[in-house]
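Asks: I have a structure here, written as structure tokens, and I will follow up with some questions on it.
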DNA sequence: TGTGAAATCAAACGATCGTTTGAGCATACG
DNA sequence: CGTATGCTCAAACGATCGTTTGATTTCACA
């Protein structure tokens, strides 16, 4: 029972990388277990099925992402002088942090794939585990943008979500130049995303 | 040779719908040919392979989409008083038209999937055949936004692309209310997307 | 040290995948 | 009319898929 935790982690990490690279259907359990260095039957033994493995891959990262986002939001939700940029920062910075530490750099790609998939069960799983976070952020956005109707607000949050998911899935990510540190580059990226999203959200 | 054109079209239409619904790997040729009402072997006979079919699905829609976009861009590229909103309109409106007529409503979902896939051969195909369109629009955007550095411009165009692809893939599409016509609703949607994108692009 | 549960392993299961085959059908042309 | 050509069809190909099985190994604990 000691090495089982190790095996499960190895499978989750290999699965995350392969799902990001080849998709949920494109990555086979044989490729996956070979990359993880474990036996083929280990997936079904530890996770029950491939579908369950997919959900566990999401759970591992989303749990900490949600926790960090809500913690960041709590810091500013009470303050009357909080700005739209602050709320966006609470949403964006935890995702960028996740991309650069904890080996979760590939997770945003997996998330982008999940958005592109219109598979109902996966959508429902994401909505169940993720919905309350978006609801809290929506409330804060509504407070910052009182001139927007509810319909307009939903529209723009959806557009922001699309832009950020697209960008953070590593598509157009601009490479860090060798003369800037990793932390600096991350902060520049965050500033870039926030500036764009804030301008789009507060359009007249 | 008469019915072949009919069969090819039936396959392309069924493939577009199934690719949008289940993805390129998730949609099998057996589901696909059954939905099209043709024999299983018809795909390999008419298209050579499944990969070729995928490319043909893109070709059919992207050829007309690019033609319309470039035609719209040509109308304003010479005019000195053209606005950023005009350029965005030339980019967005043809895509919305495609979504609502010609049965291409599902194509934007297919395109969103292609963006999520990091498959190199598919990316190369899209870049080779349709990169020149993005290059022309980028030139116009640069003309409208002279205060942006080249790096910032690329960043923001990428973010706009993500937002529009996400929105037009039918994710958060707000349903048309029964008391507005289809044309009116389309124009409202276009205005919404353009307003958001213009504000994001011209952020300070 | 002996024992039983947990974990790993090679092997095989049936199902489904993309593709190929060769016979049969249709139709246009000499 | 005969024939060549383009097309459709059922059937089968080998490969690979997710999953299951039963034996074997590992290891904490009595």
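Chains as they are written, first to last, in UniProt numbering: chain A, 1 to 204; chain B, 1 to 204. Note that the Cβ used here is the ideal one computed from N, Cα and C, for glycine as well.
#1: I want to know whether the stretch 77 to 87 of chain B touches the stretch 43 to 57 of chain B - three or more CB-CB distances under 8 angstroms.
#2: Please check if any C-beta of chain A sits within less than 8 angstroms of the C-beta of residue 163 of chain B.
#3: Tell me the DSSP secondary structure of residue 180 of chain B in three-state form.
#4: Whole alpha helix (DSSP H) runs in the UniProt domain "HTH tetR-type" (5 to 65) of chain A with 4 or more residues, listed along the chain?
#5: Report the neighbours of residue 166 of chain B on chain A: residues whose CB is nearer than 8 angstroms to its CB, in chain order.
#6: The alpha helix (DSSP H) spanning residue 253 of chain A covers which residue range?
#7: I'd like to know whether the C-beta of residue 143 of chain A is nearer than 8 angstroms to at least one C-beta of chain B.
#8: Closer than 8 angstroms by beta-carbon distance: list the chain A residues that pair up with residue 25 of chain B, in chain order.
#9: What is the residue span of the alpha helix (DSSP H) that residue 112 of chain B lies within?
#10: Between residue 34 of chain A and residue 166 of chain A, what straight-line distance do the alpha-carbon atoms span, to the nearest angstrom?
#11: Measuring CB to CB, does residue 90 of chain B end up less than 8 angstroms from residue 72 of chain B?
#12: Between which residues of its own chain and residue 16 of chain A is the CB-CB distance below 7 angstroms, once the five residues before and five after are set aside?
#13: Does the beta carbon of residue 171 of chain A sit closer than 8 angstroms to a beta carbon anywhere in chain B?
#14: Applying a beta-carbon distance threshold of less than 8 angstroms, which residues of chain B neighbour residue 195 of chain A?
#15: Going along the chain, which residues of its own chain have a beta-carbon closer than 8 angstroms to the beta-carbon of residue 1 of chain A, five neighbours each way excluded?
#16: Does any residue of chain A bring its CB to less than 8 angstroms from the CB of residue 36 of chain B?
#17: Going by other Cβ atoms of all chains shown within 10 Å of its Cβ, with 16 needed for buried, is residue 94 of chain B buried or exposed?
#18: Please confirm whether residue 14 of chain A and residue 36 of chain A have their CB atoms less than 8 angstroms apart.
#19: Under 7 angstroms Cβ to Cβ from residue 29 of chain B, same chain only, skipping five residues before and after it: list those, please.
#20: Looking only at C-alpha atoms, which of B/154, B/127, B/142, B/136 sits nearest to residue 59 of chain B?
#21: Could you have a look at residue 145 of chain B and say whether DSSP puts it in helix, strand or coil?
#22: I think residue 131 of chain B touches residue 159 of chain B, with their Cβ atoms under 8 angstroms apart; what is that distance to the nearest whole Å?
#23: Under a CB-based cut-off of 8 angstroms, is residue 185 of chain A close to chain B?
Replies: A quick look at the data gives this:
#1: Too few Cβ pairs lie closer than 8 angstroms, so no.
#2: Yes, because at least one Cβ of chain A sits closer than 8 angstroms to the Cβ of residue 163 of chain B.
#3: coil
#4: 29 to 36, 42 to 47
#5: 115, 158, 159, 161, 162, 163, 165, 166
#6: Residue 253 of chain A lies beyond the range of chain A shown here (1 to 204); nothing can be said about it.
#7: No, no contact with chain B.
#8: 23, 25, 26
#9: 107 to 116
#10: 30 angstroms
#11: yes
#12: Here residue 16 of chain A has 57, 106, 107, 110 as same chain residues with Cβ atoms under 7 angstroms from its own Cβ, once five neighbours each way along the sequence are excluded.
#13: Bear in mind that a pLDDT of 48 at residue 171 of chain A, under 50, signals an unreliable position, so the model cannot answer this.
#14: 203, 204
#15: Any answer about residue 1 of chain A is weak, because its pLDDT of 48 lies below 50 and its placement is not dependable; what the coordinates show is given next. Cβ within range, chain order: n/a, list empty.
#16: no
#17: buried
#18: A contact, by the Cβ cut-off of 8 angstroms.
#19: 40, 43, 50
#20: B/127
#21: The answer is coil: DSSP assigns residue 145 of chain B none of H, G, I, E or B.
#22: The C-beta distance from residue 131 of chain B to residue 159 of chain B rounds to 19 angstroms, too long to meet the 8 angstroms contact threshold.
#23: no
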